[in-house]
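Going by this note's numbering, the first residue of the sequence shown is number 784, and it counts up by one from there.
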Amino acid sequence: MATPTDPAPNAAERLIAFTIGGSYWLWLVGGLYMAGPLLGWALAIMAARNCYLAPALPEGERPGPLPIQVWAWLLGMAAMLLILLVAHAQFGLGSAQTVKSAVGWAKGWALLGLFPFAGYVLPIRLSVLARAVCRLGRQTMILMPLFLAAPFLHLPSILWVSPLKVLGSASDEFFAVVLYTVDPEIGTPRWQFFAPWSPAAGMVAVIHFLIAREERSAPWRWTGYSASVLIALLSQSRMALVALAIIIPLALLAGKLGKAHTWFAFAPVTLVASWLLPQLAALSEQASSSFNGARASSSRVRATLGRIAVERWQHEAYWFGHGIVERGPHLVEYMPIGSHHSWYGLLYVKGLLGVIALGVPMVSSLIGCVLAAAGGRYGRLALTMSLTYWLYSFGENLEVLVYITWPALLALGIGLRLQRSNGAPGEAAS
């Protein structure tokens, strides 16, 4: 991972590389669901120590003042815990359920604040993160024949559910070793790799693809690209394909907003778009219908879950939410109310204040990353991570998947730090 001219990985970098590199091994034993939270809290403790010992640290390791985006994430996720406690008290859910939910907060929402904090404060090299992702891509390519052959060899879809489930207090999906699933609508195999479900694998693929772009070694970079694209395609995730198509162009465009010729170029485009507005609206509606029609039953369930969440939020728990997740009726296949959508889920579980607690850091990150993107490639990296989280907030519950999507949050913090310092020594490719 390091060349003779690069310093050896520090403790934080070794933990990160070990966790990413061991993803498949952890998946096999059911430890992946716990590895992400343990890493997040370990890095956060190390980052807090660096902040406390800042004057005694070498010049290159001293953390600068935290930007408003990182503060927003930390304070917003702390607010989530307070909202949770109030909701549990309002509904009389009891001390046992409150402790269980607080542990769930520590494994989910808290990490959305801890990873950007650690990425910004700790001297983690982007090259180490990118190489770890590409090495995991090589493992995926090696295992790909097994995944592809499994349904045709009639191997069992689920190999086993890890007994570590008793420690995780989550559903079997997070501890099951699944080789493939079968799409009930069209009867074709679909893969989820080490993710709990296929669309989640698509989100991981997008994040790893964007991080792999920072790898300077062409063979490693293309290994990361190839594995990420294959996962996106084999997961059959509509959102992943949309994300790969729009996030990079948007980030590149944001990087040119500080140049006058960009605004001059916008003028004729805006004029033509205004003339074609009716046709563009019709095209957008047709594209939306095609997107939803690709899996009509899935889209129907998502929409119904959202409606149930909004209706019950408005009438039962407006400010602080219901405090816990509840299963929906048979109409939505007993899926949790508000699942498949971070904002609906927040409204139901944590009310309007929960939406504000997530919305403020999301908006501040987007604005800050757009400004940073105009300054250089590290800012554009941070923006791609922010855009990915924004896009997937409308299709997944972010806190549920943070245990495998944390590299995006870490890269967000690293990108903001490096952009602030306008690049750092030792960021050459390994």
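All C-beta atoms in this analysis are idealised placements derived from N, C-alpha and C, irrespective of residue type, glycine included.
query = Which stretch, first to last residue, makes up the beta strand (DSSP E) that contains Ile941?
reply = Ile941 to Val944
request  = Assign Arg1110 to one of three DSSP states: helix, strand, or coil.
outcome  = strand
query = Do the CB positions of Gly1137 and Leu1149 come within less than 7 Å of each other?
reply = no
request  = Please name the residue, chosen from Val989, Met1168, Leu1166 and Trp856, that lies closest to Ser1018 on a Cα-to-Cα basis.
outcome  = Taking only the C-alpha atoms, the option nearest Ser1018 is Val989.
query = Does the separation of the CB atoms of Ile969 and Ala1194 fall below 7 Å?
reply = no
key: DSSP state of Pro792 mapped onto helix, strand, coil   = coil
ask   = Can the beta-carbon of Val1143 be found less than 7 Å from the beta-carbon of Gly1104?
value = no
ask   = Roughly how many angstroms separate the alpha carbons of Trp1189 and Leu1016, rounded to a whole number?
value = 22 Å
task = Taking Met986 as the reference, give the member of Arg1021, Ser878, Phe957 and Met924 with the closest Cα.
result = Arg1021
ask   = If you drop the 5 nearest sequence neighbours on each side, which residues of the same chain put their C-beta closer than 8 Å to that of Leu822?
value = Leu798, Ile799, Thr802 and Trp1189
query = With distances taken between CB atoms, is the gap from Val812 to Ser945 smaller than 7 Å?
reply = yes
task = Would you list the residues sitting across from Thr1006 in a DSSP beta bridge?
result = Beta-bridge pairing by DSSP links Thr1006 to no other residue.
Sequence-distant residues of its chain with Cβ nearer than 7 Å to Ala915 (five each side left out) = These residues qualify, in order along the chain: Ile799, Ala800, Ile803 and Gly804.
inquiry  = Under DSSP, the beta strand (DSSP E) around Ala959 begins and ends at which residues?
reply    = Start and end: Ala959 to Val961.
Residues that Thr964 bridges to, as DSSP identifies them = Arg973
ask   = Whole-angstrom Cβ separation of Ala827 and Phe900, contact assumed at under 8 Å?
value = 6 Å
ask   = Given that a residue counts as buried once 16 or more other Cβ atoms are within 10 Å of its Cβ, and exposed if not, what is Ala1028?
value = Label assigned to Ala1028: exposed.
Distance between Leu1024 and Val1012 (C-alpha atoms, nearest Å) = 9 Å
message = Give me, in chain order, the residues of the same chain whose beta-carbon lies closer than 6 Å to that of Ala870; leave out the 5 immediate sequence neighbours on both sides.
response = Phe1103, Gly1104 and Gly1106
ask   = Relative to the alpha-carbon of Leu1166, which residue among Ser884, Glu1179 and Met1145 has its alpha-carbon at the smallest distance?
value = For Leu1166, the closest C-alpha among the options Ser884, Glu1179 and Met1145 is that of Met1145.
inquiry  = Can you give me the C-alpha to C-alpha distance between Ile1030 and Ala1037, rounded to a whole angstrom?
reply    = Just so you know, the alpha carbons of Ile1030 and Ala1037 end up roughly 11 Å apart.
request  = Give the single residue among Ser954, Asp955 and Val960 whose Cα lies nearest to the Cα of Trp943.
outcome  = Val960
key: Nearest-angstrom Cα separation, counted from Ala978 out to Ser806   = 10 Å
task = Return the bridge partner residues of Pro1119 from the DSSP annotation.
result = Arg1110
ask   = Can you round the beta-carbon distance between Leu895 and Trp856 to whole angstroms, since I take them to be within the 8 Å contact cut?
value = 6 Å
Candidates Gln1202, Leu1033, Glu1182 and Ser1204, of which the one nearest Ser884 by Cα = Glu1182
request  = State the Cα-Cα distance for the pair Leu1199 and Ser1147, rounded to the nearest angstrom.
outcome  = 13 Å
request  = Can you tell me the Cβ-Cβ gap for Pro850 and Gly1158, rounded? I've got them flagged as a contact below 8 Å.
outcome  = Contact doesn't hold; Cβ gap of about 13 Å is too wide.
query = If you draw a straight line from the alpha carbon of Leu1164 to that of Met817, how long is it in whole angstroms?
reply = 27 Å
query = With DSSP run on the structure shown, which of helix, strand or coil describes Asn1223?
reply = One cannot answer for residue 1223 here, as it falls past the ends of the chain, which runs 784 to 1213.
inquiry  = To the nearest angstrom, how far is the alpha carbon of Leu1054 from that of Ser1169?
reply    = Note that Leu1054 scores a pLDDT of 48, beneath 50, so its modelled location is shaky and nothing firm can be said.
task = Run the CB neighbour count on Phe992, radius 10 Å, all protein chains shown included, and call it buried at 16 or more, exposed below.
result = Under this definition Phe992 is a buried residue.
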